[in-house]
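As C-alpha cells, the structure follows; a few thoughts come after it.
Protein chains in written order, with my numbering: chain A, 1 to 233; chain B, 1001 to 1233.
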C-alpha cells in the first residue's frame, strides 16, 4: 500500500521551490487537505518556522495546507494522524538525528508502509533508503545510528552528479565515493539526478522525470536506466 | 613538542603523489629512516598493500623507507615505536573507524603530542581536528564516535572548494555546508585549499603553501588568511 515519491531535489536550476513537481503532487496528494511537513533537515540552518513557510507557499498553489511537525506537542501522534507527509531536504544527519530524538523513526516507517502518501526531497528521500551511508551531506551531528526508514530495498544518492571532465579539483567524484561505499557495503545505490524522482506504489518502483538514473551494484560496472524503468533488485 | 604537517591534499592537479610536498617532507622527517604509514583510509577502495606501495614510491625519492601499519601484528606497539608517521587520505569514516577498532586513537594522540613527526593528507589531516564533522567524505561506515585526535583546537575542511559561479547543480556549496555545521557546533573551521598545509610546531600553527585559507567562525562572516599567518583561536 506504499504511496511514495522520492525526489532528488526540491528545486531545479532557475526554478522555484517544488514547481516542477506540483502537477505530480496534485495527483499524489489528491485526498489530502493538509500535509504534515517535517522541517528537521533545516537547509542552510534555516529555522523550522521559515522552512515550513517555504513549503506552505509552494503547496498553497495546489490548495493544500501545510502544518510543521514542530508545531505539535506530540510528534508521534501528529505522524499517526497525518493525511499526507512531506520531508524537505537539508542536512541528512540532522534530519535523522531529530527523527531518532523524537522517536519518529518507527512510526514514520509504519504509517508510510500502511499507505499515508509521502513526498521526500533530497535528505527527505535519502532517509527512505536502507541507511544514510550514501548521503552527500556533512556529518555535522552524530546520530545514534545510520539506519534509516528502509522503505525501499536500496540506498539513494540524491543530487547525483556526473564527473566534471574539466575539473582540476582532486577531491573524489561522486562515482568514486559510491565505489568506496561498495568496498564496505553490498546494497545497490541509485544515483538520482536533479529532476528525477522515484514513484513507489506498493512494491512497484518506477524512475520518473526526463533523465536517466545511474545504478551502482557491488562488483558491477555502473549502468544507466531510462525513465519509466521498473526498479527491481 | 608537536611536529605536524596537515596538508589539504596529497596530490595537485597534474602532479604526482606528494611531489609538491617532498622538499618540505625532507626537512620534516630529517631524523627518520623509516616512516610508519597508516593506509586505513583506502582511497577508492585500494588495498592496504597497494596504498602502502604508493606512499613508499614517493618517499623513496627522499630516501625514506615506508612500513604499512597493517604489516604489524601489534599496531599500538608499531605506533609507539615509530620514528615518524604518515596517514594518507581516502575515506575519513573508514579511517577513523579502523583507528578505533585497532585501539589506535589514544596512542596516536599521545605519540604525536610527544613529538613524533607526523604528516597527514586529506582524511589524514581531518582526523587531527577535534572531530570529523567537517569531512567531505561519504559516511560509508558508522564509527563509534566522530571525535578525532584533537591535536589542533579547531576542525579542518580539506580540499576546500570555492563556490562555482556557473554551476547549475543545486547541491549545497562547501560554504553552505560549513555554515550548517555552525548551526550545531561552535568550533572554528579552516577551509584548506589544495596546495595549502598547516605546520604545527608545538602550539604554533602556521598556514603554509601559496594560497589563502578560508576561516569559518560561528556567527562571523567567513574570512581569508594569507600564507604564513599564525593561527590562534
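For glycine and all other residues, C-beta sits at the position ideal for the given N, C-alpha and C.
May I have the straight-line CA-CA distance separating residue i from residue j, to the nearest angstrom?
i	j	result
residue 1079 of chain B	residue 1200 of chain B	20 Å
residue 1186 of chain B	residue 229 of chain A	46 Å
residue 1084 of chain B	residue 184 of chain A	29 Å
residue 221 of chain A	residue 215 of chain A	9 Å
residue 1197 of chain B	residue 1163 of chain B	21 Å
residue 97 of chain A	residue 1054 of chain B	38 Å
residue 1037 of chain B	residue 100 of chain A	38 Å
residue 1227 of chain B	residue 1063 of chain B	29 Å
residue 168 of chain A	residue 1179 of chain B	25 Å
residue 1191 of chain B	residue 1161 of chain B	8 Å
residue 1166 of chain B	residue 1212 of chain B	22 Å
residue 127 of chain A	residue 43 of chain A	15 Å
residue 978 of chain B	residue 1035 of chain B	Since the first residue shown for chain B is 1001 and the last is 1233, residue 978 of chain B is missing from the structure and cannot be characterised.
residue 1045 of chain B	residue 224 of chain A	22 Å
residue 1131 of chain B	residue 52 of chain A	31 Å
residue 1145 of chain B	residue 144 of chain A	10 Å
residue 1103 of chain B	residue 149 of chain A	32 Å
residue 67 of chain A	residue 49 of chain A	10 Å
residue 1060 of chain B	residue 210 of chain A	52 Å
residue 30 of chain A	residue 1015 of chain B	57 Å
residue 1041 of chain B	residue 56 of chain A	43 Å
residue 133 of chain A	residue 95 of chain A	14 Å
residue 1047 of chain B	residue 70 of chain A	46 Å
residue 39 of chain A	residue 202 of chain A	26 Å
residue 1170 of chain B	residue 74 of chain A	33 Å
Return the chain-ordered list of same chain residues with a C-beta closer than 8 Å to the C-beta of residue i, the five sequence neighbours on each side being excluded.
i	result
residue 27 of chain A	none
residue 1142 of chain B	1093, 1097
residue 205 of chain A	152, 198, 199, 230, 231, 232
residue 107 of chain A	76, 79, 80
residue 1111 of chain B	1079, 1080, 1082, 1085
Output needed for residue i: all residues of its chain with C-beta closer than 6 Å, excluding positions within five of it in sequence on either side, in chain order.
i	result
residue 1018 of chain B	1010, 1058
residue 188 of chain A	154, 217, 233
residue 120 of chain A	6, 87, 128
residue 182 of chain A	218
residue 72 of chain A	78
residue 1105 of chain B	1099
residue 90 of chain A	41, 42, 43, 123
residue 1004 of chain B	1118, 1200
residue 147 of chain A	131
residue 20 of chain A	12
Could you tell me how far apart the beta carbons of residue i and residue j are, in whole angstroms, since I believe they sit closer than 8 Å?
i	j	result
residue 1001 of chain B	residue 1137 of chain B	Wrong, their Cβ atoms sit about 30 Å apart, outside the cutoff.
residue 1087 of chain B	residue 1124 of chain B	3 Å
residue 109 of chain A	residue 151 of chain A	7 Å
residue 1139 of chain B	residue 135 of chain A	7 Å
Which one or two residues does DSSP pair with residue i in a beta bridge?
i	result
residue 1085 of chain B	B:1036, B:1118
residue 5 of chain A	A:119, A:199
residue 1190 of chain B	B:1156, B:1215
residue 224 of chain A	A:214
residue 68 of chain A	A:37
residue 1161 of chain B	BP columns for residue 1161 of chain B are empty, so no partner.
residue 207 of chain A	A:198
residue 131 of chain A	A:147
residue 1230 of chain B	B:1206
Going along the chain, which residues of its own chain have a beta-carbon closer than 7 Å to the beta-carbon of residue i, five neighbours each way excluded?
i	result
residue 1173 of chain B	1163
residue 1032 of chain B	1064, 1083, 1084, 1117
residue 1194 of chain B	1008, 1009, 1012, 1159
**Asked** Listed in chain order, which residues of the segment 1035 to 1065 of chain B have Cβ atoms closer than 8 Å to some Cβ of chain A?
**Response** Those would be 1042, 1043, 1044, 1045, in chain order.
**Message:** Under 7 Å, CB to CB, which of the residues in the segment 150 to 162 of chain A have a partner in chain B?
**Reply:** With the criterion set as a beta carbon lying under 7 Å from some beta carbon of chain B, the members of the segment 150 to 162 of chain A are 159, 161, in sequence order.
**Message:** Using a Cβ-Cβ cutoff of 8 Å, what residues of the segment 1184 to 1215 of chain B are near chain A? List them in chain order.
**Reply:** From the segment 1184 to 1215 of chain B, only 1184, 1185, 1194 have a Cβ closer than 8 Å to chain A.
**Asked** Got a sec: which bits of the segment 1066 to 1093 of chain B sit with their beta carbon under 7 Å from any beta carbon on chain A, in order along the chain?
**Response** Those residues of the segment 1066 to 1093 of chain B that come within reach of chain A (Cβ to Cβ, closer than 7 Å) are 1091.
**Request:** Closer than 7 Å, Cβ to Cβ, to anything on chain A: give me those residues from the segment 1217 to 1230 of chain B, in chain order.
**Result:** Within the segment 1217 to 1230 of chain B, contact with chain A at the beta-carbon level (separation under 7 Å) is assigned to no residue.
**Asked** Between the segment 1104 to 1137 of chain B and chain A, which residues of the former have CB atoms less than 9 Å from a CB of the latter, in chain order?
**Response** Listed by position along the chain: 1122, 1131, 1132, 1133, 1134, 1135, 1136, 1137.
**Item:** Residues of the segment 1165 to 1179 of chain B with Cβ closer than 7 Å to any Cβ of chain A, in chain order
**Value:** Taking 7 Å as the Cβ-Cβ cut-off against chain A, the residues of the segment 1165 to 1179 of chain B that qualify are 1168, 1169, 1170, 1171, 1176, 1177, 1179.
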